[in-house]
Amino acid sequence: MSVADRSTFKRRLDSLGVIVTEGTESECAELIDEAAGDPAVGVELDAGSLPDRIETDPTTAEFRAAHTGVTDASLGVAAYGSVAIEADAAGTEPVSLFVDRHVVVLREADLVPDMPDAFEWLGPKARDESVDVVFATGPSATADMGGLVHGAHGPKEVHVVLLREGDAGGRDSVSSEVTADE
Amino acid sequence: MSSDAAKGDRIRELMATEGDAVAENTRGFNRGRYESTGRLDDYEELKAEAREIKEDAIARLPELIDEVKASVEANGGTVYVADDAADANRYVTELTAEERDADRLVKSKSMTSEEIEVNEALEAEGVEVIETDLGEWVLQLADEAPSHIVAPAIHKSREGISELFAERFDLDDPPETAEELTMFARERLGELVEGADVGMTGANFVAADSGTMLLVTSEGNARKTVSATDTHVAVAGVEKLVPTVEDFSPFVELIGRSGTGQDVTSYISTLTPPVDSPVPDFESDDEPLADGSGDDRDFHLVLIDNGRMEMREDEQLKETLYCIRCSACSNACGNFQSVGGHAFGGETYSGGIATGWEAGIEGLDTAAEFNDLCTGCSRCVPACPVGIDIPWINTVVRDRINRGEADPGQTDWMFEELVPDEEPAGLDLATRLVGNYETLAKWGSRTAPVANRLSDAGPLRALAERVAGIDRRRDLPEFASEPLVDWFAARGGARVPAAEAEREAVLYPDTATNYVDVDRGKAAVRALEALGVHVRVPDLPGSGRPPLSQGMIATAESAAEDVYAGLATHVDAGRDVVVIEPSDLAMFRSEYEKFLPETSHERLAAASYDVMEYVFGLLENGGDPAALRAPVEGTGPVAAGKRVAYHPHCQARTIGVGEHATAVMEALGYDVRVSDTECCGMAGSFGYKNDYYELSMDVGEPIREQFGDTDRTVVAAGTSCTEQIDALLGDAPMHPVELVAPRE
Chain A
605 MSVADRSTFK
615 RRLDSLGVIV
625 TEGTESECAE
635 LIDEAAGDPA
645 VGVELDAGSL
655 PDRIETDPTT
665 AEFRAAHTGV
675 TDASLGVAAY
685 GSVAIEADAA
695 GTEPVSLFVD
705 RHVVVLREAD
715 LVPDMPDAFE
725 WLGPKARDES
735 VDVVFATGPS
745 ATADMGGLVH
755 GAHGPKEVHV
765 VLLREGDAGG
775 RDSVSSEVTA
785 DE
Chain B
100 MSSDAAKGDR
110 IRELMATEGD
120 AVAENTRGFN
130 RGRYESTGRL
140 DDYEELKAEA
150 REIKEDAIAR
160 LPELIDEVKA
170 SVEANGGTVY
180 VADDAADANR
190 YVTELTAEER
200 DADRLVKSKS
210 MTSEEIEVNE
220 ALEAEGVEVI
230 ETDLGEWVLQ
240 LADEAPSHIV
250 APAIHKSREG
260 ISELFAERFD
270 LDDPPETAEE
280 LTMFARERLG
290 ELVEGADVGM
300 TGANFVAADS
310 GTMLLVTSEG
320 NARKTVSATD
330 THVAVAGVEK
340 LVPTVEDFSP
350 FVELIGRSGT
360 GQDVTSYIST
370 LTPPVDSPVP
380 DFESDDEPLA
390 DGSGDDRDFH
400 LVLIDNGRME
410 MREDEQLKET
420 LYCIRCSACS
430 NACGNFQSVG
440 GHAFGGETYS
450 GGIATGWEAG
460 IEGLDTAAEF
470 NDLCTGCSRC
480 VPACPVGIDI
490 PWINTVVRDR
500 INRGEADPGQ
510 TDWMFEELVP
520 DEEPAGLDLA
530 TRLVGNYETL
540 AKWGSRTAPV
550 ANRLSDAGPL
560 RALAERVAGI
570 DRRRDLPEFA
580 SEPLVDWFAA
590 RGGARVPAAE
600 AEREAVLYPD
610 TATNYVDVDR
620 GKAAVRALEA
630 LGVHVRVPDL
640 PGSGRPPLSQ
650 GMIATAESAA
660 EDVYAGLATH
670 VDAGRDVVVI
680 EPSDLAMFRS
690 EYEKFLPETS
700 HERLAAASYD
710 VMEYVFGLLE
720 NGGDPAALRA
730 PVEGTGPVAA
740 GKRVAYHPHC
750 QARTIGVGEH
760 ATAVMEALGY
770 DVRVSDTECC
780 GMAGSFGYKN
790 DYYELSMDVG
800 EPIREQFGDT
810 DRTVVAAGTS
820 CTEQIDALLG
830 DAPMHPVELV
840 APRE
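Written out as structure tokens, the structure reads:
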């Protein structure tokens, strides 16, 4: 991650109508609380914590009623403003998809410059771990009904919480692998 | 006679009912493509990389099929390779209707599933099929076919969709705005997805190394289709295989930009199924979402052959398999913009590349129904992200249609001497007349002005329309009585002696310049000589463009050999070959690659120049612009002479010589406005054909809109463009060289 990547990423998200808020890992819960509507469901984060009001083990009824879903992103692609959402047994994929607003938490350390970097990252994970990853860029969109509309099937709004490097301990293996490539 | 009145009527009807909506959308996509690809620094490199991956993948296809089987099975999924549509449908219906006993299958958009008509097969077994892509859902409700491979319902207006919803759902107060319509669909489809048993998707790419499939979507319906159901069936043509996950990258960067002009679509799903997500149990409110149900997911990859392995063995059709179905060739195409895929398409696929797909999958008869609509303008070639020579595929298929449909009984030609081609007897008259345009022009010139008078005579025009399908509303070319070659000889040849010349050039007397528009040839001679060039205008054969446009490949190939024979000595002597007609220069530079030995083609291509490109080069290399004609100085009406409107020829743009005229005119002080229309719509003989007259005029309409009211002097390089713009604006434009050449 470079400063240039961060500014490119934010510029791309801005052009997609995605709001970005930034802070340290310790500020994560507060930033999410500001970004999330109500009711909200979520999946436990790798780094940073969720505010208490986020239901992390929702029932079908709670899941269906949720306005906001909060999840991690495994990777960000600066040149496109894309975030990589990795499916898991905890329900990251449905929580990020069936809601009106997706609040996605990304560590700056997990930002890569461009699409080829993202697929260099994905290749080994797909081969070795059979991961399922969606590169999501802005909200769900359609132009099939005679004009551009957001929220065709997926979220109408996306909010990225970008966690700055520096003040937190344990980075997991994903981020160190990625940064090592840069 | 090839003129099929029903076809002409169908095109006219579609232009009236769907043309406006299709035109607005496709032209928007096409502008978006230019903008989006323009933002890439490495656009050409990405295209080359994408092409290389596809070439490699198709070459190693059997190996990749084995590899993906192993990968998917190792992941816990199943791969079935279906020989044809029936085989695929049998597998899918057995799985869905029998093994799963499914009531409802939800689908995300997949052209391959349209190709095999799996919906009908499933419905016959009592499975309800719901298309979840909003455009596809609208078409399913309306019982219509897609008019575009990426945006299937572009032919439908917002009002039309509102009326459709009102009728289908019995609504008194139907949704009206795009937002309301979308939310209505989201809600309805959301409920249908919750109750579905099986999810079906296509796949844009499948990586053999991991069994990972990539889906390019925007709405999120493919994600829901997969997430909400415990059985995922992916239907994909075998050509979707690429070796590795890393190979996805250039395609992800190119596919959205090339198609709808989006840098990337909202969702690029890269799934290595069965996926890990829990399956939401929408029927039990109290059940936790994360209930471990992801472990019970089932995945089936159905790879479809359906003619593809045979296409792979067909040297000419093989390139079709590189197609990533981005729709760039549809959006860049003038004819497609006017009629859409309901006319310019076959059973499943539409647009320029559809000829390859339909010929390979359905057969020549299906391809023959719309193959005429590719005029060879070539504007799709630079737009294609994998560099497929789409016009060539259309030409090859046309050639095969010509040969396959030849009726041996139809040999007694009244004009046999006018059609001395190398094609099978029985080829229809209109095709052969156009294909042998050079002979016709020679004959016309020799017998002008009688031929010109006859060509205007009402009864003869009626006959031409009936027998050869030439629309009587078109002005026919007026043949000159003194061809350019004769004029040049009569004036005593070159005015700049070779000994005093900066360079020596052969001005190629293309058929149109030599026999019809001699003035632009004379202007070219004056311009070149003014810049110190020793010019020769030898008698040379036609380039083969007219026969090639009719799919008469053998005749075109023979023309290429004759032209090379006539030019080889000049090229050896270091003379440049200067060409006025862009469609002929495009033959030398592009199509001759298929007809001549590699070295011959390279030598001729390297020695050949567009006349304005050549003038540009002469000026760049110290030529004196004062030797050419600058605009008249002054104000008021006189200033109009300074203002120029220029329509670059389609093929000139493709081979990269469309902008030299602009540069030369601007260097001389002209104020140039350039047309952004891909092709004027005339495209050689296309616009003359009775079936296509209205379509051709409609394709040219943007030029009329842009230049119709202008007081600018209109210039255009192609003969076809000249005739078309004359018809559109009521005044024939001149060639740019006529504007800048010194007066006689």
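Line by line, the protein sequences give chains A and B.
So the first sequence is numbered by our numbering: it starts at 605 and just counts up by one.
So the second sequence is numbered by our numbering: it starts at 100 and just counts up by one.
We put the CB at the ideal spot given by N, CA and C, even for glycine.
Residue state for tyrosine 769 of chain B is assigned as coil, using DSSP reduced to three classes.
Assigned with DSSP and collapsed to three states, aspartate 520 of chain B falls in coil, not helix or strand. Annotated three-state conformation of aspartate 362 of chain B is coil, per DSSP.
Residue environment: tyrosine 133 of chain B is assigned as exposed (fewer than 16 neighbouring CB atoms within 10 Å of its CB, all protein chains considered).
Taking the CA atoms as reference points, serine 642 of chain B sits about 54 Å from proline 372 of chain B. Residues of the stretch 710-728 of chain A that bring their beta carbon within less than 7 Å of a beta carbon in chain B comprise Met719, Pro720, Phe723, Glu724, Leu726 and Gly727, in sequence order. For leucine 388 of chain B, the residues of chain A that pass the 9 Å Cβ criterion are Val645, Asp661, Pro662, Thr663, Thr664, Glu666, Phe667, Ala694, Gly695, Pro698 and Val699, in the order they occur in the chain.
If you look at tyrosine 713 of chain B, you'll find it isn't in any beta strand (DSSP E); it sits in the alpha helix (DSSP H) that goes 710-719.
With a threshold of 16 other beta carbon atoms within 10 Å, threonine 546 of chain B falls short and is exposed. DSSP places isoleucine 689 of chain A in the strand class (E or B) of the three-state scheme.
Note that the C-beta distance between alanine 756 of chain A and threonine 281 of chain B is below 8 Å. In this structure, tyrosine 663 of chain B and leucine 703 of chain B form a Cβ contact; the two beta carbons are roughly 6 Å apart against a cut-off of 8 Å. Within the stretch 468-493 of chain B, no residue places its CB atom closer than 7 Å to a CB of chain A. Counting other Cβ atoms within 10 Å of its Cβ, asparagine 720 of chain B stays below 16 and is therefore classed as exposed. Excluding its 5 nearest sequence neighbours in each direction, threonine 177 of chain B has C-beta neighbours in its own chain below 6 Å: His399, listed in chain order. A Cβ of chain B is located within less than 8 Å of the beta carbon of alanine 740 of chain A.
Aspartate 390 of chain B and arginine 396 of chain B have their C-alpha atoms roughly 13 Å apart. Sequence-distant Cβ neighbours of lysine 729 of chain A in its own chain, meaning closer than 6 Å and more than five residues away, are Val735. From the listed residues B/Val676, B/Thr668, B/Asp671 and B/Gln649, the smallest Cα separation to valine 634 of chain B is found for B/Val676.
For the 8 Å CB-CB criterion, proline 377 of chain B and glycine 393 of chain B form a contact. Counting along the chain, no alpha helix (DSSP H) covers arginine 602 of chain B; the unbroken beta strand (DSSP E) around it starts and ends at 602-607. With a minimum length of 3 residues, the unbroken runs of beta strand (DSSP E) contained wholly in the stretch 596-651 of chain B fall at 602-607 and 632-635. In the pairwise beta carbon analysis, the stretch 700-710 of chain A is classified as not touching the stretch 330-343 of chain B: fewer than three pairs are separated by under 8 Å. Classified as buried, glutamate 628 of chain B has 16 or more neighbouring CB atoms from the shown chains inside 10 Å of its CB. The Cβ neighbour count for glutamate 219 of chain B, taken over all protein chains shown within 10 Å, is under 16; the residue is labelled exposed. Residues Tyr614 of the same chain have their beta carbon placed closer than 7 Å to that of lysine 541 of chain B, with the five preceding and five following residues left out of the count. With contact defined as three or more Cβ pairs closer than 8 Å, the stretch 438-448 of chain B and the stretch 713-730 of chain B are not in contact.
Within chain B, the C-beta atoms nearer than 7 Å to that of alanine 691 of chain A come from Val374, Asp375 and Ser376, in chain order.
Using a Cβ-Cβ cut-off of 9 Å, valine 237 of chain B is close to Asp748 and Met749 of chain A, given in chain order. In terms of beta-carbon proximity, valine 703 of chain A stays away from the interface with chain B, with every pair separated by 8 Å or more. Within the stretch 629-657 of chain A, no residue has its Cβ closer than 7 Å to any Cβ of chain B.
Between aspartate 498 of chain B and methionine 651 of chain B a beta carbon distance of about 7 Å is seen, short of the 8 Å cut, so the two are scored as contacting. When Cβ pairs closer than 8 Å are counted between the two stretches, the stretch 349-360 of chain B is seen to touch the stretch 133-153 of chain B, the count reaching three or more. Taking 8 Å as the CB threshold, valine 363 of chain B lines the interface with chain A. Contacts with chain A at 8 Å (Cβ-Cβ) do not include leucine 400 of chain B. Counting only Cβ-Cβ distances below 8 Å, asparagine 320 of chain B has contacts in chain A at Ala756 and His757, in chain order.
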